[in-house]
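Worksheet: one structure, shown below.
Protein chains: 2
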Amino acid sequence: MANTIPVLEIFGPTIQGEGMVVGRKTMFVRTAGCDYSCSWCDSAFTWDGSAKNDIRQLTAEQIWTELKEIGGECFDHVTISGGNPALIKAIGSLVELLHSHGVKAALETQGSRYQDWFLKIDDLTISPKPPSSLMKTNFSVLDDIIETLIKEKRMAHISIKVVVFNDDDFEYAASVHERYPEVPFFVQVGNEDLTTIDNASLTQELLKKYEWLIDKAVAAKNMNDVRVLPQVHALVWGNKRGV
Amino acid sequence: MANTIPVLEIFGPTIQGEGMVVGRKTMFVRTAGCDYSCSWCDSAFTWDGSAKNDIRQLTAEQIWTELKEIGGECFDHVTISGGNPALIKAIGSLVELLHSHGVKAALETQGSRYQDWFLKIDDLTISPKPPSSLMKTNFSVLDDIIETLIKEKRMAHISIKVVVFNDDDFEYAASVHERYPEVPFFVQVGNEDLTTIDNASLTQELLKKYEWLIDKAVAAKNMNDVRVLPQVHALVWGNKRGV
Ligand code: SF4
Ligand code: SF4
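Chains A and B are the protein sequences, given in the same order. At position 176 of the first sequence (counting the first as 1) the number is 176 in the UniProt record's numbering, and the numbers step up by one without a gap. At position 151 of the second sequence (counting the first as 1) the number is 151 in the UniProt record's numbering, and the numbers step up by one without a gap.
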């Protein structure tokens, strides 16, 4: 099992809806398992047991074969998401295989665990979780990760992203930005309604919340070098999965 | 007059709603004058004479003073837009002044004219206009501009963005991307309704159009290394000016 990756979904091509390469045409590979249990997790099925019968243990080669079957010639970028893919050592072999085919790799993790293959990810998003998640950031681990990434000159390939639901989260985001001022920094609106299927009203709700976050960032002089983004995919597709 | 810049609007801080630094907290300086007259120009007041009494000839220092008056300590990034700011030689002195204060500069132009100060812009968007604009791209000028930017190693600071309204525009975008494959490439949905004040229905219209553009890009194997974006500011604020 050491060389396999627990996979829950492979889909695309679609676009990346968040963060440093928002809008990028990409395939998605979603891995199972997380060491967190955020109160508002929009991928709880990756760790809460509800989809455990859908988990497949796949090798990097099997994942590549499936990506090609689904995506054909229509992709050159793969986003690995979770859960927390940083729990999985074998991701390194997948990233190498993608690169050998001229395909780039993006990955998001909360920054609770380091892997050597972080240094090979083309677009690495570290997304520490704010107070509303009810999780507690281990800053000594996070400091080590960021320090390594800076030392290894990965600045053009990394970013920090904090999801913000309320004022406390915004304070937390500001403190993370002040702690790592050299790292490209993104704040993103959270989605408070993960079950509605009324997309038009969800869109209005998300845009109202986005405007609130823009207003906060605009007024904060410790939040100048910052990018404020919505979840573009949630605006377009609401809570639908696999798009 | 050689050292002054014709200014129509100075406002912010707000966020950049488009392109390579979408979401970036920024101030805006809008210059007057354009050598194009795109059929769907959303800034026609910069060149159609309707705002000619609002044009002020300002020096770089005057612009900086006004930026500080309005933005205070709450910005470190200024976006220069138009019209076509590439018509104005004196922009170079503004960019230098901004840099001397530790402030970054972004600028968008259609690529019909080169200026030496292109090499100093932190986030330079070249946005050639597709057929629906009724303008004709001068590719010999554009080739020279892109070649210079590549030779001067500005790749981390530039992007090409094409606004797409219809299938012909999409073909044009693909041909531009194939012509300059090394340059980071963005396609963006056009706004077909520049007068409505019904923001909720405009949002739905823009998101429907955005989904159409995503579908086209996803299906096109000559459009893999591409980012597909909406105009985020139009989703939030509709056609309102000065936000
Ligand atoms: S870290 Fe991510 S996947 Fe894990 S519980 Fe939190 S939001 Fe969900
Ligand atoms: S180039 Fe830009 S400012 Fe000039 S007419 Fe076209 S859209 Fe308007």
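Yeah, the Cβ is synthetic: ideal placement off N, Cα and C, and Gly gets one too. Just so it is clear, the structure is predicted and the values come from calculations on it, not from any experiment.
- Rounded to the nearest angstrom, the gap between the Cα atoms of B:Asp76 and A:Lys216 is 16 Å.
- In the structure shown, A:Ser175 adopts helical secondary structure according to DSSP, grouped into three states.
- Burial state of A:Glu147 is exposed, judged by a 10 Å Cβ sphere holding fewer than 16 other Cβ atoms.
- The count of Cβ pairs closer than 8 Å, one atom from the stretch 229–238 of chain A and one from the stretch 186–194 of chain A, reaches three, so the stretches are in contact.
- Using beta-carbon distances, A:Val226 counts as an interface residue toward chain B, with a partner under 9 Å.
- With a threshold of 8 Å, the Cβ atom of A:Asp54 does not count as near ligand 1, since no heavy atom of the ligand is closer than that.
- For A:Glu108, the enclosing beta strand (DSSP E) covers residues Lys104 to Thr109.
- Nearest neighbour of B:Asp54 by Cα position, chosen from B:Cys74, B:Asp123, B:Trp40 and B:Thr31, turns out to be B:Thr31.
- Counting only runs of 4+ residues, the alpha helix (DSSP H) found wholly inside the stretch 15–103 of chain A occupies 60–71 and 91–100, in chain order.
- Taking 3 residues as the shortest admissible run, the stretch 125–192 of chain A contains the following complete beta strand (DSSP E) segments, listed from N- to C-terminal end: 158–164 and 185–189.
- Counting C-beta pairs closer than 8 Å gives fewer than three between the stretch 43–51 of chain B and the stretch 86–94 of chain B, which falls short of the contact rule.
- Taking the beta carbon of A:Lys221 as reference, the chain B residues within 7 Å of it are Glu73 and Cys74, listed in sequence order.
- Here the alpha carbon of B:Met20 sits roughly 10 Å from the alpha carbon of A:Gly23.
- Spatial neighbours of A:Gly71 in its own chain (CB-CB distance under 7 Å, excluding positions within 5 residues in sequence) are listed in chain order as Gly12, Pro13 and Met27.
- Under the three-pair Cβ rule at 8 Å, the stretch 194–202 of chain A does not count as touching the stretch 159–179 of chain A.
- Chain A has a Cβ within less than 9 Å of the Cβ of B:Arg24.
- Sequence-distant Cβ neighbours of B:Leu207 in its own chain, meaning closer than 8 Å and more than five residues away, are Pro230 and Leu235.
- Per the C-alpha coordinates, the member of A:Lys221, A:Ser175 and A:Trp237 positioned closest to A:Thr203 is A:Trp237.
- From the listed residues B:Thr4, B:Arg56, B:Ser81 and B:Leu58, the smallest Cα separation to B:Val29 is found for B:Ser81.
- With respect to chain A, the C-beta atom of B:Gln231 has no partner C-beta closer than 9 Å.
- Going by DSSP, B:Val228 is part of the beta strand (DSSP E) stretching over Arg227 to Leu229.
- Taken through DSSP and simplified to helix, strand or coil, B:Leu8 comes out as strand.
- By the Cβ neighbour-count rule, B:Asp144 is exposed, with fewer than 16 other Cβ atoms within 10 Å of its own.
- Distance from B:Asn222 to B:Glu178 at the Cβ level is roughly 6 Å; contact confirmed, criterion being Cβ atoms closer than 8 Å.
- In this structure, A:Ser127 is the residue among A:Ile121, A:Ser127, A:Glu73 and A:Lys25 with its C-alpha nearest to the C-alpha of A:Tyr36.
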